[in-house]
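Let me begin by presenting the structure, written as structure tokens, before commenting on it.
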Amino acid sequence: MRAHVLVAAAATIFASACTIEDPTTSTTDEALSTWNRLAQNRLAQNRLAQNRLAQNRLAQNSLNATSVEALHETARILETEGGREMYSYLINCALNDGTTVEANVPTAQDTAPPNTLYTCTNHHCVFPGALGLAEEWRWHKLSPKGQGWVSACIFSRVNAHTTTEAISLRGRHSQLAITPDEGELFPLEEGAFYGNLFVDEDQEIDWNACRGEAQAASEDGGLDLRDCTEEDPARPGFTQCGFKYAGDCRDYTPEFPSPYACRTYNSGFYGDCAGVQTADDDDDDDNDCGHHHDNRGWSSRGHKYREVITVYVSN
Numbered sequence: 001m002r003a004h005v006l007v008a009a010a011a012t013i014f015a016s017a018c019t020i021e022d023p024t025t026s027t028t029d030e031a032l033s034t035w036n037r038l039a040q041n042r043l044a045q046n047r048l049a050q051n052r053l054a055q056n057r058l059a060q061n062s063l064n065a066t067s068v069e070a071l072h073e074t075a076r077i078l079e080t081e082g083g084r085e086m087y088s089y090l091i092n093c094a095l096n097d098g099t100t101v102e103a104n105v106p107t108a109q110d111t112a113p114p115n116t117l118y119t120c121t122n123h124h125c126v127f128p129g130a131l132g133l134a135e136e137w138r139w140h141k142l143s144p145k146g147q148g149w150v151s152a153c154i155f156s157r158v159n160a161h162t163t164t165e166a167i168s169l170r171g172r173h174s175q176l177a178i179t180p181d182e183g184e185l186f187p188l189e190e191g192a193f194y195g196n197l198f199v200d201e202d203q204e205i206d207w208n209a210c211r212g213e214a215q216a217a218s219e220d221g222g223l224d225l226r227d228c229t230e231e232d233p234a235r236p237g238f239t240q241c242g243f244k245y246a247g248d249c250r251d252y253t254p255e256f257p258s259p260y261a262c263r264t265y266n267s268g269f270y271g272d273c274a275g276v277q278t279a280d281d282d283d284d285d286d287n288d289c290g291h292h293h294d295n296r297g298w299s300s301r302g303h304k305y306r307e308v309i310t311v312y313v314s315n
């Protein structure tokens, strides 16, 4: 991936008399680095859930749409500090570095990085993009594929602690290609994140995480403050950040075969990952023609997620 400094995010509209400034796009080839700024209690439990209706409505419109509904829902999410924080991460994940959307937000207090990803001065807020995982959202409603990438990005940046940690995001998206330097700086595999933040309001948020190899082995280096892919012992089936726990991303002990969540692992990132794993799978990984539950390998049952982001941390 391009490392991205997540101290910026992107789009906004006026609260009542709404106008949108056309975003201008620029590109950069240098690697950035992504800074996780959201604690679990601020994002996983509060920010995502509290703003889910507005998020769902936003996904049904382009970011610079001029329909009454689009403007109303954007204004709604920007009314509160939590909504602005959530929105800044949505746009930071979706739009390219160099793309910004500006808005007057009467309720906004002055703020700037590193305290937030966005800047507000005298009630005028600027939300810049960074990762560019769904740039088409500028002109069209967010596609299912775009929803998957933005969701995975948001989930990957939740933290169970109130600290700011540098993380490297990797995946099969072209915007997530990494440089050799980044690979050396961030060698520890925390795990992978996937699902859909933009589900209907009457459904549970579809958020999933599987445990990476380094996280399964130890809590070295930056993993000490990253717990979102570890199962919560007090709440089996969920991670310490409240995500559905899908088990290990792949089998780290092939000499003792065990279930794993993701079908593919190439160039340091996962793909085709399943949701919650059950040890009682019956996909014939043991070559017994499906006569018995094999309790090993990748389960072919259930929904598979293609938009998966794998997170690495430093030593």
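Numbering of the sequence shown is given in the numbering used here, commencing with residue 1 and proceeding in unit increments. Beta carbons: idealized from backbone N, C-alpha and C, even for Gly.
Residue i, DSSP secondary structure in three states
i, result
"T66", "Its pLDDT being 47, under 50, T66 is placed unreliably by the model, and nothing is read from it."
"Y87", "helix"
"T162", "coil"
"S258", "coil"
"P180", "helix"
"R211", "strand"
"C93", "helix"
"V308", "coil"
"D224", "helix"
"A103", "strand"
"R57", "helix"
"R235", "coil"
"S168", "strand"
"L133", "coil"
"T111", "strand"
"N266", "strand"
Reference residue i; option with closest CA among the options
i, options, result
"D97", "R172, L176 and N115", "L176"
"C93", "H124, H140 and I154", "I154"
"S174", "Q60, P106, G132 and D202", "G132"
"G212", "Y260, R76, T74 and I178", "Y260"
"I91", "R263, L142 and P106", "L142"
"L223", "P187, P236, V199 and E201", "P187"
"G268", "E135, L95, N61 and T179", "T179"
"A217", "E204, G242 and C249", "C249"
"F193", "A108, V158 and L95", "V158"
"T264", "P114, E73 and R172", "R172"
"E102", "R84, N115 and E136", "R84"
"V140", "N61, E81 and L225", "The identity of residue 140 in the sequence shown is His, whereas the question assumes Val. Nearest of N61, E81 and L225 to H140, Cα basis: N61."
First through last residue of the beta strand (DSSP E) which encompasses residue i
i, result
"E189", "L188 to N196"
"A274", "F269 to A274"
"K141", "No beta strand (DSSP E) contains K141, which DSSP labels as neither H nor E."
"V126", "H124 to P128"
"G247", "K244 to D248"
"C120", "T119 to T121"
Test item: CB-CB of residue i and residue j under 7 angstroms
i, j, result
"A274", "K244", "no"
"V276", "E190", "no"
"T229", "A246", "no"
"A166", "Q240", "no"
"S88", "L117", "yes"
"L63", "R138", "yes"
"T310", "Y252", "no"
"P128", "T164", "no"
"S168", "E184", "no"
"G146", "A134", "yes"
"F238", "N56", "no"
"A108", "T119", "no"
Endpoints, alpha helix (DSSP H) assigned at residue i
i, result
"W149", "P144 to S156"
8 angstroms contact criterion, which residue i and residue j should meet: CB distance rounded
i, j, result
"S151", "N196", "5 angstroms"
"G148", "E255", "Not really, about 34 angstroms apart at Cβ, beyond 8 angstroms."
"P106", "H123", "6 angstroms"
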